[in-house]
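Trainee:
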Amino acid sequence: MENNESEHDTMFGADTIAQAIDTMSEAIYGHISDDPPDKVALIGIQAGGVPLAKRISRCIRDRFGRTIDVGALDISMYRDDIGKRKTLPMIRETTIPFDINDKIIILADDVLQSGRSVRAALDALTDFGRPAQIRLAALIDRGQREFPIHADYVGMKVSVGAEWRVCMDWVECSGSDCVFKVKKQ
Amino acid sequence: MDFQWTKKDLLDLYDLSRDEILHILNTAEEFKKVSQRNVKKVPALRGRTVVNLFVEPSTRTRVSFELAEQRLSADIINMNADVSSFRKGETLLDTLKNIQALQADIVVMRHQATGAPNFLARELNMGVVNAGDGAHSHPTQALLDIFTIREKKGRIEGLNVVIVGDILHSRVARSNVWGLLKLGANVTFAGPATLVPREFEKIGVRVCHNLKDALADADVVNLLRIQLERQQRGYFPSLGEYSRFFGIHPETLRYIKRDALIMHPGPINRGVEIDSAVADGPQSVILEQVTNGLAVRMAVLFLVAGCLK
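Those protein sequence lines, which keep their order, are chains S and Y. Take the first sequence: its position 15, counted from the start at 1, is 15 in this note's numbering, and no numbers get skipped. Take the second sequence: its position 252, counted from the start at 1, is 1252 in this note's numbering, and no numbers get skipped.
1) Please tell me whether isoleucine 140 (chain S) has its Cβ less than 7 Å away from any Cβ of chain Y.
2) Could you round the C-beta distance between valine 1164 (chain Y) and leucine 1211 (chain Y) to whole angstroms and report it? I think they count as a contact, below 8 Å.
3) Among Y:Ile1156, Y:Leu1045, Y:Leu1093 and Y:Ala1116, whose alpha-carbon lies nearest the alpha-carbon of arginine 994 (chain Y)?
4) Closest Cβ-Cβ distance between valine 1300 (chain Y) and chain S: below 7 Å?
5) Starting from valine 1220 (chain Y) and walking both ways along the beta strand (DSSP E), at which residues does that stretch end?
6) Compare the C-beta of tyrosine 78 (chain S) against all C-beta atoms of chain Y and say whether one is closer than 7 Å.
7) Anything in the segment 94-114 of chain S with a Cβ closer than 8 Å to a Cβ of chain Y? List those residues in chain order, please.
8) Quick one: is aspartate 69 (chain S) near chain Y, going by C-beta distance under 7 Å?
9) Is it buried or exposed for phenylalanine 147 (chain S), if we count other Cβ within 10 angstroms and need 16 for buried?
10) In or out: histidine 150 (chain S) buried (at least 16 other Cβ within 10 Å) or exposed?
11) Using a beta-carbon distance below 7 Å, is phenylalanine 1147 (chain Y) in contact with chain S?
12) Rounded to a whole number of angstroms, what is the C-alpha to C-alpha distance between aspartate 123 (chain S) and leucine 1093 (chain Y)?
13) Check whether the segment 1018-1033 of chain Y touches the segment 1283-1301 of chain Y, counting contact only when three or more Cβ pairs, one atom from each stretch, lie closer than 8 Å.
14) Distance check for aspartate 141 (chain S) and glycine 161 (chain S), CA to CA, integer angstroms please.
15) Cα separation between glutamate 1069 (chain Y) and valine 118 (chain S)?
16) Hey, which unbroken runs of the alpha helix (DSSP H) at 4 residues or more fall wholly within the segment 1045-1080 of chain Y?
17) May I ask which residues mark the beginning and end of the beta strand (DSSP E) holding methionine 168 (chain S)?
18) What residues match up with tyrosine 153 (chain S) in a beta bridge as DSSP calls it?
19) To the nearest whole angstrom, what separates the beta carbons of proline 71 (chain S) and alanine 41 (chain S), a pair I think is in contact under 8 Å?
20) Taking the beta strand (DSSP E) that valine 1161 (chain Y) belongs to, which residues open and close that run?
21) For a contact defined as C-beta to C-beta under 8 Å, what are the partners of aspartate 1002 (chain Y) on chain S?
22) Taking only beta carbons into account, state which residues of the segment 1003-1034 of chain Y come closer than 9 Å to chain S, listed in chain order.
23) Measuring alpha carbon to alpha carbon, tell me which of S:Thr16, S:Asp9 and S:Thr10 ends up nearest methionine 156 (chain S).
24) Anything in chain Y within Cβ reach of isoleucine 82 (chain S), meaning under 7 Å, just list it in chain order.
25) So the beta strand (DSSP E) lysine 183 (chain S) belongs to, where does it begin and stop?
26) Between S:Lys184, S:Gly175, S:Phe180 and S:Val182, which has its C-alpha nearest aspartate 51 (chain S)'s C-alpha?
27) Taking only three categories from DSSP, how would you classify asparagine 4 (chain S)?
28) Assuming valine 1285 (chain Y) and leucine 1253 (chain Y) are in contact, meaning their beta carbons sit under 8 Å apart, how far apart are those beta carbons, in whole angstroms?
29) Locate the alpha helix (DSSP H) running through aspartate 127 (chain S), then write down its first and last residues.
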């Protein structure tokens, strides 16, 4: 995805990622096991959060026999930096095939940093309805928050300098699971 | 997979690549969903100002753009030629530079002069969206037509699209043809010889002066409005005769494909180019075109706004 950039260091491979998703899924299930099955849904933030939401759903189904609906949310129309970015984000598909009113929604994103994507996602979600609760699951938390936003479920915490971008590849998108950092140009 | 939109203006489909056209259509699909929600508004253009400058009269295009702008949360200024300073002799460029000095971001313009938006786009930092210039171009109409065809048929490539009517004066036909050809459709222009110039054969369009021949394999029939004043200019003997030879009647449907789409950019002249039974019939997608126009215009404004510096 970012192969044209100068430095590209792998941080975690498939096994570590799978283990982190497993731990997150267990923690999520621990919180929702008493709720009725249709009370909870996962919504992934496009693009990297969608595979994460699907993996968590699959993991909870395989380990605990519980099915959780999965949706995908694109936040391009809700960003606060349109016109400030070098390039316009590409709008990807939003599909929320269930009513979010009064549900517990677990938002999923691959890398949590500033919190701005989550802020946009919260705005977007509230245009679809009024969930009972929204919780946040992030596979990677790299700190450096610019908004008062906190993840409820974190796969891995990493500490890298602001000159690095932390990115993710998913098997579903690029053929392999991998967390890597690239130096900003 | 990622596509980067880089144009601050939308002037014509002639200027766009196949991938750029597809990117607008794909973006519009997501904006169409916004209009189907309870909350039909997104903050994408919050804080941006859009000026609707309609130097030539328009109702449906202006309303569609205005609603698109509102649904994107933009601030809107509507200017009509009647009340503007054009009457006092100010040039178009001076008017626009004054608007630009007020920190407006995008101008949506309809103008009777061919190329007016192209000229302004070069001179202004604002984004320029062409809402129809002379008989030259009407890119958002063509995009919404192509969007509707793709939505209904699942593809554009290989489809036989027939555009019937006053091609000579039609910016809708001129914009559609570039988009359709770039996406691989087979395009036929049909109508009286006085209104369908043979020149279009040079760019790969089939020109046909017999409606039955034109429609034989049509997957899409797009009818253009016959402007009533054309009759006085002698392009055809009478509206009745035009309707008899080139209008679409219930009998016409017997010799076209049962799943062929009937389209019209509006406003329709019932009983001239199209009978009511056809316009309101099961093959007609005329009102869906209107719905899709809103989504396409939201997408265009969003993409253009994202490229302003």
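From the three backbone atoms N, C-alpha and C, an ideal C-beta is built for every residue, glycine too. No experiment lies behind these values; they were computed from the predicted model shown.
Mentor: The short version:
1) What you label residue 140 (chain S) is simply residue 140 of the first sequence in a count that begins at 1. Taking Cβ atoms only, chain Y never reaches closer than 7 Å to isoleucine 140 (chain S), which makes this a no.
2) Position 164 of the second sequence, counting from 1, holds the residue named residue 1164 (chain Y). Position 211 of the second sequence, counting from 1, holds the residue named residue 1211 (chain Y). Confirmed, Cβ separation roughly 7 Å.
3) Because chain Y is modelled from 1001 through 1309, residue 994 (chain Y) falls outside the range shown and cannot be assessed.
4) Along the second sequence, one-based indexing puts residue 1300 (chain Y) at 300. It does not; no Cβ of chain S falls within 7 Å.
5) Translated into positions along the second sequence, residue 1220 (chain Y) becomes position 220. Here the beta strand (DSSP E) through valine 1220 (chain Y) covers 1220-1223.
6) Indexing the first sequence from 1 puts residue 78 (chain S) at position 78. Yes, its Cβ sits closer than 7 Å to a Cβ of chain Y.
7) Thr94
8) Locating residue 69 (chain S) in the first sequence gives position 69, counting from the first residue. Answer no: the Cβ-Cβ gap between aspartate 69 (chain S) and chain Y never drops below 7 Å.
9) Position 147 of the first sequence holds residue 147 (chain S). Its Cβ having fewer than 16 others within 10 Å, phenylalanine 147 (chain S) is exposed.
10) Here residue 150 (chain S) refers to the residue found at position 150 when the first sequence is read from its first residue. Exposed.
11) For the purposes of this step, residue 1147 (chain Y) is taken as residue 147 along the second sequence, with counting starting at 1. No, phenylalanine 1147 (chain Y) lies away from the interface with chain S (no Cβ there is under 7 Å from its Cβ).
12) Taking the first sequence and counting its residues from 1, the one referred to as residue 123 (chain S) is at position 123. Taking the second sequence and counting its residues from 1, the one referred to as residue 1093 (chain Y) is at position 93. The alpha-carbon atoms of aspartate 123 (chain S) and leucine 1093 (chain Y) are separated by roughly 39 Å.
13) yes
14) What you label residue 161 (chain S) is simply residue 161 of the first sequence in a count that begins at 1. What you label residue 141 (chain S) is simply residue 141 of the first sequence in a count that begins at 1. C-alpha separation (whole angstroms): 13 Å.
15) Within the second sequence, numbered from 1, the residue matching residue 1069 (chain Y) stands at position 69. Within the first sequence, numbered from 1, the residue matching residue 118 (chain S) stands at position 118. Cα to Cα, glutamate 1069 (chain Y) sits roughly 25 Å from valine 118 (chain S).
16) 1060-1071
17) Locating residue 168 (chain S) in the first sequence gives position 168, where the first residue counts as 1. 164-169 is the extent of the beta strand (DSSP E) around methionine 168 (chain S).
18) Along the first sequence, one-based indexing puts residue 153 (chain S) at 153. Bridge partners of tyrosine 153 (chain S): S:Ala137.
19) Position 71 of the first sequence, counted from the first residue, corresponds to residue 71 (chain S). Position 41 of the first sequence, counted from the first residue, corresponds to residue 41 (chain S). With the sequence shown as reference, residue 71 (chain S) is identified as glycine, and proline is not the correct amino acid for it. Contact holds; Cβ gap of about 6 Å.
20) Position 161 of the second sequence, counting from 1, holds the residue named residue 1161 (chain Y). From DSSP, the beta strand (DSSP E) with valine 1161 (chain Y) extends over 1160-1164.
21) As a first step, residue 1002 (chain Y) is located in the second sequence; it is residue number 2 there, counting from the start. The contacting residues are Met90.
22) Phe1003, Gln1004, Trp1005, Thr1006, His1023, Asn1026, Thr1027, Glu1029, Glu1030, Phe1031, Lys1033 and Val1034
23) Within the first sequence, residue 156 (chain S) is the residue found at index 156, counting from 1. The shortest C-alpha separation from methionine 156 (chain S) is found at S:Thr16.
24) Position 82 of the first sequence holds residue 82 (chain S). The contacting residues are Ala1044, Ala1305 and Gly1306.
25) Here residue 183 (chain S) corresponds to residue number 183 of the first sequence, with the count starting at 1. Note, lysine 183 (chain S): beta strand (DSSP E), 178-183.
26) Translated into the one-based positions of the first sequence, residue 51 (chain S) becomes position 51. A small fix is needed here, since residue 51 (chain S) is proline in this sequence, not aspartate. When each option's Cα is compared against that of proline 51 (chain S), the closest is S:Gly175.
27) On the first sequence, position 4 is the one that residue 4 (chain S) refers to. Its pLDDT being 46, under 50, asparagine 4 (chain S) is placed unreliably in this model, and the coordinates cannot settle the point.
28) In the second sequence, the residue the question calls residue 1285 (chain Y) occupies position 285. In the second sequence, the residue the question calls residue 1253 (chain Y) occupies position 253. Rounded, the Cβ-Cβ distance is 14 Å, inconsistent with contact.
29) Here residue 127 (chain S) is taken as the residue at index 127 of the first sequence, counted from 1. 116-128 is the span of the alpha helix (DSSP H), which, as asked, contains aspartate 127 (chain S).
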